[in-house]
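Working notes, beginning with the structure itself.
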Amino acid sequence: MELLPLIYFKTVAHYENMSRAAEQLHITQPALSKSISQLEDSLGIQLFDRQGRTIRLNRYGRFFLERTEQLLRDYDKAREDLHNIISPGYGEVAIGFMHTLGLKVIPALMTDIRAVYPNMKFQLTQNNSGVLLEKLEDGQLDLCLISSLDYKSHIFWEKLWEEELFLIVPKNDALSKKKSIKVEEFAHRPFITIKKGNSLRNSVDELFQQEGFSLNVAFEGEEVHTLAGLVESGLGVSLIPSIKGIEQYEVQMIPVDAENCKRAIGMVYLDNTKKSSATEQFISFVRDYFN
Numbered sequence: 025m026e027l028l029p030l031i032y033f034k035t036v037a038h039y040e041n042m043s044r045a046a047e048q049l050h051i052t053q054p055a056l057s058k059s060i061s062q063l064e065d066s067l068g069i070q071l072f073d074r075q076g077r078t079i080r081l082n083r084y085g086r087f088f089l090e091r092t093e094q095l096l097r098d099y100d101k102a103r104e105d106l107h108n109i110i111s112p113g114y115g116e117v118a119i120g121f122m123h124t125l126g127l128k129v130i131p132a133l134m135t136d137i138r139a140v141y142p143n144m145k146f147q148l149t150q151n152n153s154g155v156l157l158e159k160l161e162d163g164q165l166d167l168c169l170i171s172s173l174d175y176k177s178h179i180f181w182e183k184l185w186e187e188e189l190f191l192i193v194p195k196n197d198a199l200s201k202k203k204s205i206k207v208e209e210f211a212h213r214p215f216i217t218i219k220k221g222n223s224l225r226n227s228v229d230e231l232f233q234q235e236g237f238s239l240n241v242a243f244e245g246e247e248v249h250t251l252a253g254l255v256e257s258g259l260g261v262s263l264i265p266s267i268k269g270i271e272q273y274e275v276q277m278i279p280v281d282a283e284n285c286k287r288a289i290g291m292v293y294l295d296n297t298k299k300s301s302a303t304e305q306f307i308s309f310v311r312d313y314f315n
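FYI, the numbering for the sequence shown is 25 to 315, going by the numbering used here.
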């Protein structure tokens with residue numbers, strides 16, 4: 025089967041509107057309708073429910089769309105692999121990373137890898153670890169830079185470095201003069217934390233559990249700068265890694281006297297999937313870069 029009818033089908037399935045799909049594909053609506061009808065005839069089943077000019081993807085269409093998207097992704101990757109064999113150092117890598125890494129680590133990494141692979145292209149996706157892992161499994165990402173989590177057997181996580189977590193309090197807080205602090209000294213204070221599903225939240229939850237305390241959650245945010253702003257306002261305390269820009273907030277960072285007040289950052293990718301040459305080159309570079 026040719027790929028063009030599949031591309032047409034995917035576009036119509038996305039818009040569920042022949043006119044908009046035809047406009048997007050730069051072909052006439054009659055030509056697009058004919059292509060979809062021929063595809064359905066070849067499959068022996070209707071992929072859309074039709075009522076007048078309205079079309080809706082049916083359950084057979086949804087099933088076929090899932091396979092179509094996977095086939096087109098495989099084709100794109102195969103084409104990329106062939107190009108990389110002919111021209112090493114080219115190709116595109118889709119990278120996912122945690123919010124905190126976007127402040128300093130990712131910009132520095134992209135700057136340095138450009139010096140080695142100037143023709144390599146990158147797609148960058150920033151989100152929490154749970155969302156990134158879903159995108160990795162769906163084939164939307166080639167690898168991720170995130171903290172350790174409970175991964176599935178087909179997902180491989182490789183540790184790269186560790187980040188210490190610091191207690192942050194308002195600069196006028198009674199604890200702000202301390203050179204170091206134990207968990208028991210702030211465990212019962214209102215706590216400002218990242219939402220569940222984020223690796224930083226997992227690290228904080230595990231620390232409190234190991235120390236025998238329950239987290240007294242006052243507020244939950246989606247990124248570390250939000251936490252710092254809430255702490256500055258006197259709404260609670262928090263545990264965060266050292267991040268770029270923390271100095272703009274009226275908060276004090278205090279080392280915590282606890283063995284596991286840290287989190288490991290690593291590289292994660294699918295263990296059972298053949299990777300493009302560009303992805304393999306990037307993985308090798310990252311491994312050497314951080315180690």
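Ideal Cβ positions, reconstructed from N, Cα and C, are used throughout, including at glycine. The structure presented is a predicted model; accordingly, all values stated were derived computationally and were not measured.
ask   = Does the beta-carbon of residue 87 have 16 or more other beta-carbons within 10 angstroms, so that it is buried, or is it exposed?
value = exposed
task = Along the beta strand (DSSP E) that carries residue 291, what are the first and last residues, could you check?
result = 286-294
key: Alpha-carbon to alpha-carbon, residue 145 and residue 70   = 39 Å
query = Would residue 170 pass as a contact of residue 189 if the rule is Cβ separation under 8 Å?
reply = no
query = Mind checking residue 75: buried by the 16 CB within 10 Å criterion, or exposed?
reply = exposed
request  = Quick one: using the 10 Å Cβ neighbour count with 16 as the cut-off for buried, is residue 120 buried or exposed?
outcome  = buried
query = DSSP three-state call for residue 51: helix, strand or coil?
reply = coil
request  = Would you identify the three-state DSSP class for residue 77, choosing helix, strand or coil?
outcome  = coil
inquiry  = DSSP three-state label for residue 282, please.
reply    = coil
key: Cβ pair residue 204, residue 100 closer than 8 Å   = no
query = Across which residues does DSSP place residue 171 in a beta bridge pair?
reply = 289
inquiry  = Quick check: residue 35 and residue 45, are their CB atoms within less than 8 Å of each other?
reply    = yes
query = Among residues of its own chain, excluding the 5 on either side of residue 117, which ones have a beta-carbon nearer than 8 Å to its beta-carbon?
reply = 144, 145, 146, 147, 166, 167, 300, 302, 303 and 306
key: Closest residue to residue 152 among 234, 248 and 242 (Cα-Cα distance)   = 248
key: Segment contact, 8 Å Cβ cut-off, at least three pairs: the segment 191-202 with the segment 272-287   = yes
Nearest neighbour of residue 295, chosen from 128, 137 and 179 [CA to CA] = 179
key: Sequence-distant residues of the same chain with beta carbon closer than 7 Å to residue 77, five excluded per side   = none
key: Proximity of residue 140 and residue 309 at Cβ, strictly below 8 Å   = yes
query = Any idea what DSSP makes of residue 148, helix, strand or coil?
reply = strand
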